[in-house]
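Undergrad:
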Amino acid sequence: MSRGLPLALCLAAGLAGCFTIGDSKAPIGTVSVPALRPAAERTLVIVLPGFGDDARDMKGHGLAEVIRESWPEVDVMLTSATFAYYRDGKLVPRLHDEIVGPSFRGGYARVWLAGASLGGMGALLYEREHPGELTGLVLFAPFLGNNELLQEIRAAGGPRTWNPGPLAAEMNGDNYQRQVWKMVKGWTPELARRVWLACGTSDHLIEDVRLLAPELPGSHYLELPGGHSWGLWIRSAKEVFSRIRLESGPPSGGAAEFRGSGVFAR
429 MSRGLPLALC LAAGLAGCFT IGDSKAPIGT VSVPALRPAA ERTLVIVLPG FGDDARDMKG
489 HGLAEVIRES WPEVDVMLTS ATFAYYRDGK LVPRLHDEIV GPSFRGGYAR VWLAGASLGG
549 MGALLYEREH PGELTGLVLF APFLGNNELL QEIRAAGGPR TWNPGPLAAE MNGDNYQRQV
609 WKMVKGWTPE LARRVWLACG TSDHLIEDVR LLAPELPGSH YLELPGGHSW GLWIRSAKEV
669 FSRIRLESGP PSGGAAEFRG SGVFAR
């Protein structure tokens, strides 16, 4: 993505407050937490923070511990992919070059990407640029675009019947929201079943999230009482990652075996 997201957009989306912007010139910071029960077939869950948060904030909320308790075989990597990487159009290439790519090359058979709020949009941006590369996505109350675009999609009857119009091949700060929804419109069942979604019933983004939910398997969407907060996302993570573990089955085999079994070969 050559041009990043304007700061004003995220402020208008109600994602701001006392926040950390970060520095896109620096490597993406990470906090790694090893699996409680390591398996031969290694699985990694990478987490993108919400707007204004970083890896340290997520660690303080206990997110890594909740994920590992729900899925003891996974390693967790909390990232400081802060707003600066979005603003400067560097999130996806840096995430790929510094974190996702090295994780696969380092022997992980399965790599999941999770994100909350703005981080949920970040996960979708990565999927748009690298379709099918990840084992799956977990989205907690993702920011999905501005009201004008979302109303347009609703008026069309949902993403499947919506016409995104002509779009440049390259994603940028002007078209990234349409590009993401165009991707959703084109999801095959195989791609959609890799995505999990959760939101609080009193979250200000709930109606936007409900626009995306019908594109996923019913069991992959979770609503819990609560708002746009880490308290809700922590509770959601406990349930979602428990479900993923049950659906995925126990890890077995090795990385070489898995690399040929994804939606798209890397």
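Under my numbering, think of the first position of the sequence shown as 429, with each following residue one higher.
Cβ atoms here follow ideal geometry from the backbone N, Cα and C, with glycine treated the same way.
(1) Got a sec, what are the start and stop residues for the beta strand (DSSP E) Asp503 sits in?
(2) Give the DSSP-derived three-state secondary structure of Ser676 in the structure shown.
(3) Please look up how many angstroms separate the CB atoms of Leu476 and Ala569, rounded, as I've assumed it's under 8 Å.
(4) Buried or exposed, going by whether 16 or more other CB atoms sit within 10 Å of the CB of Lys453?
(5) Take Arg465 as the anchor and find which of Ser498, Leu491, Arg663 and His489 has the nearest alpha-carbon.
(6) Go ahead and label Leu674 buried or exposed: buried means 16 or more other beta carbons lie within 10 angstroms of its beta carbon, across all protein chains shown.
(7) With distances taken between CB atoms, is the gap from Tyr624 to Leu565 smaller than 8 Å?
(8) Check this for me: beta carbons of Ser531 and Gly450, under 8 Å apart or not?
(9) Could you give the DSSP three-state label for Ile495: helix, strand or coil?
(10) With distances taken from CA atoms, which of Pro592, Leu519 and Gly535 is nearest Glu576?
(11) Nearest CA to the CA of Phe571: which residue from Asp525, Glu526, Pro587 and Leu639?
(12) Out of curiosity, what's the CA-to-CA distance linking Leu443 and Ala463?
(13) Run through DSSP, which three-state label would Trp609 get?
(14) Find the nearest neighbour of Pro455 within the set Met549, Ala512 and Asp485, judged by alpha-carbon distance.
(15) Which residues bound the beta strand (DSSP E) around Ser460?
(16) For Pro642, I'd like the list of residues in its chain whose CB is within less than 8 Å of its CB, leaving aside the five on either flank, ordered along the chain.
(17) Of the residues Met549, Glu493 and Ile474, which one's Cα is nearest the Cα of Tyr514?
(18) Quick one: is Gln605 buried, meaning 16 or more other Cβ sit within 10 Å of its Cβ, or exposed?
TA: So, from the listed chains and residues:
(1) Val502 to Thr507
(2) helix
(3) Wrong, their Cβ atoms sit about 13 Å apart, outside the cutoff.
(4) Exposed: under 16 other Cβ atoms inside 10 Å.
(5) Ser498
(6) So Leu674 counts as exposed.
(7) It should be pointed out that residue 624 corresponds to Trp in this sequence rather than to Tyr. Yes, these two residues count as a Cβ contact at 8 Å.
(8) no
(9) helix
(10) Pro592
(11) Leu639
(12) The predicted position of Leu443 is uncertain, since its pLDDT is 47 and thus under 50; a value taken from the coordinates is nonetheless stated next. Distance between the alpha carbons of Leu443 and Ala463: 31 Å.
(13) helix
(14) Nearest option by C-alpha distance: Ala512.
(15) Thr458 to Val461
(16) Gly586
(17) Met549
(18) With 16 or more other Cβ atoms within 10 Å, it is buried.
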